[in-house]
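Worksheet for the structure shown next.
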Amino acid sequence: TFDANDLYQGQNFSKVLSSLVALNKVTADIGLGSDSVCARHSSHRIKSFDSLASHSSLTRTSKLLQGQYRSLDMTDNSNHQLVVKARFNFQQTNEDELSFAKGDIIHVTRVEEGGWWEGTLNGKTGWFPSNYVREIKSNGK
Numbered sequence: 159t160f161d162a163n164d165l166y167q168g169q170n171f172s173k174v175l176s177s178l179v180a181l182n183k184v185t186a187d188i189g190l191g192s193d194s195v196c197a198r199h200s201s202h203r204i205k206s207f208d209s210l211a212s213h214s215s216l217t218r219t220s221k222l223l224q225g226q227y228r229s230l231d232m233t234d235n236s237n238h239q240l241v242v243k244a245r246f247n248f249q250q251t252n253e254d255e256l257s258f259a260k261g262d263i264i265h266v267t268r269v270e271e272g273g274w275w276e277g278t279l280n281g282k283t284g285w286f287p288s289n290y291v292r293e294i295k296s297n298g299k
């Protein structure tokens with residue numbers, strides 16, 4: 159088990175994680191029906207914890223759990239190309255991310271509910287935080 163202060167102080171993450179995983183397993187074992195909302199969410203949570211535990215980078219849970227978020231692929235949508243302008247500088251911390259400077263124009267290729275979008279800038283494609291950009295009209299204004 160873990161102490162509640164561990165959560166507030168960001169300590170003993172492995173204890174917190176293992177306790178929550180054990181709780182989810184016990185909850186699943188008590189026989190909640192497959193049509194139960196709790197059972198469905200419980201199974202999602204256990205996958206989430208396993209994903210978090212097995213990845214060294216915890217900076218972007220929305221990407222780690224992207225199968226659980228609705229996603230819109232912008233490349234198949236020829237009627238509307240989402241174009242955004244960077245409001246802030248962003249420096250990538252992972253190789254699949256897209257660095258950009260304030261004012262850069264990015265063509266969005268995928269929109270995710272989790273807050274990370276995929277886009278292209280100067281021939282490079284990568285993920286970036288959607289709150290660092292604002293939508294502009296495709297003519298650049």
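Counting from 159, one number per residue, gives the positions in the sequence shown under the numbering used here. Where a beta carbon is used, it is the ideal one built from N, C-alpha and C, also for glycine. Here the structure is a predicted model, which is why all the values come from computation and not from measurement.
Per-residue DSSP class, three states only, for residue i
{"i": "K295", "result": "coil"}
{"i": "L279", "result": "strand"}
{"i": "G225", "result": "Here the model assigns G225 a pLDDT of 45, short of 50, so the residue's position is not dependable and the matter cannot be decided."}
Beta-bridge pairing of residue i - partner residues as DSSP gives them
{"i": "K243", "result": "I263, R292"}
{"i": "E255", "result": "W285"}
7 Å CB neighbourhood of residue i in its chain, flanking five on each side removed
{"i": "S192", "result": "Its pLDDT being 44, under 50, S192 is placed unreliably in this model, and the value from its coordinates should be taken loosely. Correct list: empty, nothing qualifies."}
{"i": "Y290", "result": "A244, R245, F246, F248"}
Residues near residue i in its chain [Cβ-Cβ closer than 6 Å; skip 5 each side]
{"i": "S172", "result": "none"}
{"i": "I294", "result": "V241, K243"}
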